[in-house]
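Single-structure report; data block below.
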Amino acid sequence: MKILGIIAEYNPFHFGHLYHLEVSRARAMADGVIAVMSGHFVQRGECAFFDKFTRAQMAVQAGVDLVLELPFLYASSSADSFASGAVDLLIDTRAVNAISFGVESTDIDALVEVGGILAHKKNAIDQLFRVYSAEGHSYPVAQQKALEHFTKKVLRKPNDLLAVQYVRRLQERKASFELIAIPRASQSHHQSASSIRRAAKEAEWKHLLPSFCLPFIEDKQPLFPEDFFDEIIFAILTTREPEKIAGMEEGLENVLRENAKTALHFDQLLDMTKSKRYTRTRLSRLLFHLLFQVYKSDMESLSGTNFVRPLAFNETGREILRLIKEQSPLPIISNIPRFRGTKKEEALFEWDLLTSRLYYRKAKLPPDMDFRAPLIL
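Just add 369 to wherever you are in the sequence shown, counting from 1, and you've got our numbering.
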């Protein structure tokens with residue numbers, strides 16, 4: 370059985386995602402598709418537009434067979450940690466043969482070359498990265514400057530930077546997946562997820578989604594980072610030892626505390642704090658780590674830990690889950706009260722439950738949604 374793996378956020382699911390899914394499945398000639406999807410908080414440092422179960426339902430309706438949740442600590446991290454957690458999950462299902470990702474570059478060889486450099490020159494890259502970061506460069510700029518010591522290939526688009534990290538982790542794990550890179554669909558044909566989220570604040574927007582998505586969101590309202598602003602301000606002003614929060618660097622906690630006293634909304638706080646070194650996305654991730662009190666020690670102690678958490682699946686997905694149960698070393702969390710894992714697995718999952726509780730309150734959803742069985746469509 371040939372299983373294709375996709376790493377996604379579907380925030381929300383749109384025509385570009387549908388294009389990527391259909392082309393990937395055809396090119397891989399896959400019998401089944403697993404999507405590893407962020408839960409309620411996503412890599413760009415925001416809350417998800419809709420809850421994870423709604424987005425998973427949309428994905429299965431579109432043709433994904435099994436949607437697995439990427440644990441919060443990976444989903445809310447920088448590109449390298451996000452990619453490592455997601456790729457590790459696909460590898461450790463022991464069911465996946467191929468991986469597909471969207472790209473903006475047509476130079477696939479460059480993606481493989483740069484990913485290989487990141488995998489095999491890690492110590493040298495890390496040392497150079499620290500030098501350029503100390504000079505005040507942002508994360509992506511510092512990384513690109515470090516890479517320029519080893520290659521002339523330049524990759525700056527967000528999708529390409531993530532794709533490179535997927536390749537990097539696959540090479541580190543010595544995984545022999547078939548790589549399928551799908552150029553991003555033209556924006557003249559498909560609205561991006563970010564443009565849909567912007568439109569939702571100002572005008573009619575549901576026509577930008579595939580029609581099969583609409584029944585799933587008929588009685589739901591999207592969430593925005595602004596919905597968490599008051600709690601974030603409280604966290605900034607009251608957190609003890611903020612310098613130990615994941616993503617915090619020396620002195621930034623003082624800037625945030627001063628800005629939090631006068632900022633009137635989420636975007637204003639980001640605009641007041643951003644700099645050449647600290648991008649809006651990086652700051653946004655940090656704010657949600659402050660909100661949930663995610664410390665650097667949490668990230669370090671739970672790195673490499675994972676589990677299989679189904680969010681939605683169809684009959685083919687049920688068959689894939691059976692395959693995973695037979696072959697994977699990872700625990701499958703389908704019944705939360707009965708879940709018994711290692712201390713690290715349970716601690717990692719507790720972060721998902723904790724962060725989801727606040728999300729459900731904000732979205733006015735039943736607080737026990739995580740305790741329901743996976744959805745079969």
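Note that the Cβ used here is the ideal one computed from N, Cα and C, for glycine as well.
Going by the CB atoms, is the gap between residue 540 and residue 449 shorter than 8 angstroms?
no
So, with DSSP's three-state summary, where would you put residue 377?
Of the three classes helix, strand and coil, the one that applies to residue 377 here is strand, per DSSP.
Among 590, 370, 672, the one whose alpha carbon lies nearest that of residue 566
590
Whose CA, out of 429, 530, 425, lies closest to the CA of residue 451?
530
With H, G and I counted as helix, E and B as strand and the rest as coil, what does DSSP make of residue 326?
Shown here, the chain extends from 370 to 746; a query on residue 326 therefore has no answer.
Rounded C-beta distance between residue 544 and residue 460? I'm assuming under 8 angstroms.
5 angstroms
Round the Cβ separation of residue 513 and residue 525 to the nearest angstrom and send it over; I've been treating them as touching at under 8 angstroms.
7 angstroms
Nonlocal neighbours in the same chain, by C-beta distance under 7 angstroms from residue 626, ignoring five residues either side:
Answer for residue 626: 605, 606, listed in chain order.
Using 10 angstroms around the beta-carbon of residue 712, count the other beta-carbons present and answer buried if the total reaches 16, otherwise exposed.
exposed
8 angstroms contact criterion, which residue 415 and residue 594 should meet: CB distance rounded:
5 angstroms
With DSSP as the reference, label residue 415 as helix, strand or coil.
strand
CB of residue 646 within 8 angstroms of CB of residue 505, strictly
A contact, by the Cβ cut-off of 8 angstroms.
Nearest to residue 400 by alpha carbon, out of 418, 724, 464, 384?
Nearest option by C-alpha distance: 464.
With a 10 Å radius around its C-beta and 16 neighbouring C-beta atoms as the bar for buried, classify residue 383 as buried or exposed.
buried
Starting from residue 477 and walking both ways along the beta strand (DSSP E), at which residues does that stretch end?
From DSSP, residue 477 is part of no beta strand (DSSP E) but of the alpha helix (DSSP H) over 477-489.
Residue 407, DSSP secondary structure in three states
strand
With contact counted as at least three CB pairs below 8 angstroms, one residue from each stretch, are the region 412-426 and the region 647-655 in contact?
yes
For residue 396, which residues of its own chain have a beta-carbon under 8 angstroms away from its beta-carbon, when the five flanking residues on both sides are left out?
469, 549, 551
Report the residue from 696, 456, 408 whose alpha carbon sits nearest the alpha carbon of residue 723.
408
Smallest Cα separation from residue 445: which of 473, 618, 656, 427?
656
On the DSSP bridge list, what partners appear for residue 547?
In the DSSP output, where bridge partners are listed per residue, residue 547 has 467.
Assign residue 351 to one of two classes, buried (16 or more other C-beta atoms within 10 Å of its C-beta) or exposed (fewer than that).
Missing from the structure shown is residue 351; the chain here goes from 370 to 746 and no further.
Residue 329 versus residue 370 - alpha carbon distance
Only positions 370 to 746 of the chain appear in the structure, and residue 329 is not among them; the question remains open.
Residue interval of the alpha helix (DSSP H) (run including residue 680):
That residue, residue 680, is in no alpha helix (DSSP H); its beta strand (DSSP E) goes 679-682.
To the nearest angstrom, how far is the alpha carbon of residue 376 from that of residue 455?
7 angstroms
In or out: residue 658 buried (at least 16 other Cβ within 10 Å) or exposed?
Sixteen is the threshold: when 16 or more other Cβ atoms of the shown chains lie within 10 Å of the Cβ of residue 658, as they do, the residue is buried.
By the three-class DSSP mapping on this structure, what secondary structure does residue 702 have?
coil
Sort 637, 583, 741, 716 by Cα distance to residue 679 and report the nearest one.
The residue with the shortest Cα to Cα distance from residue 679 is 741.
Pick out the complete alpha helix (DSSP H) segments inside the region 610-663, 4 residues or longer, and give them in chain order.
621-629, 635-642, 649-661
Assigned secondary structure, residue 555 (DSSP; H/G/I helix, E/B strand, else coil):
Since pLDDT at residue 555 reaches only 49, below the 50 mark, its modelled position is unreliable, and the value read off the structure follows with that caveat. Here residue 555 sits in coil by DSSP.
For residue 402, the three-state DSSP class (helix, strand or coil):
strand
Is the CB-CB distance between residue 373 and residue 431 below 8 angstroms?
no
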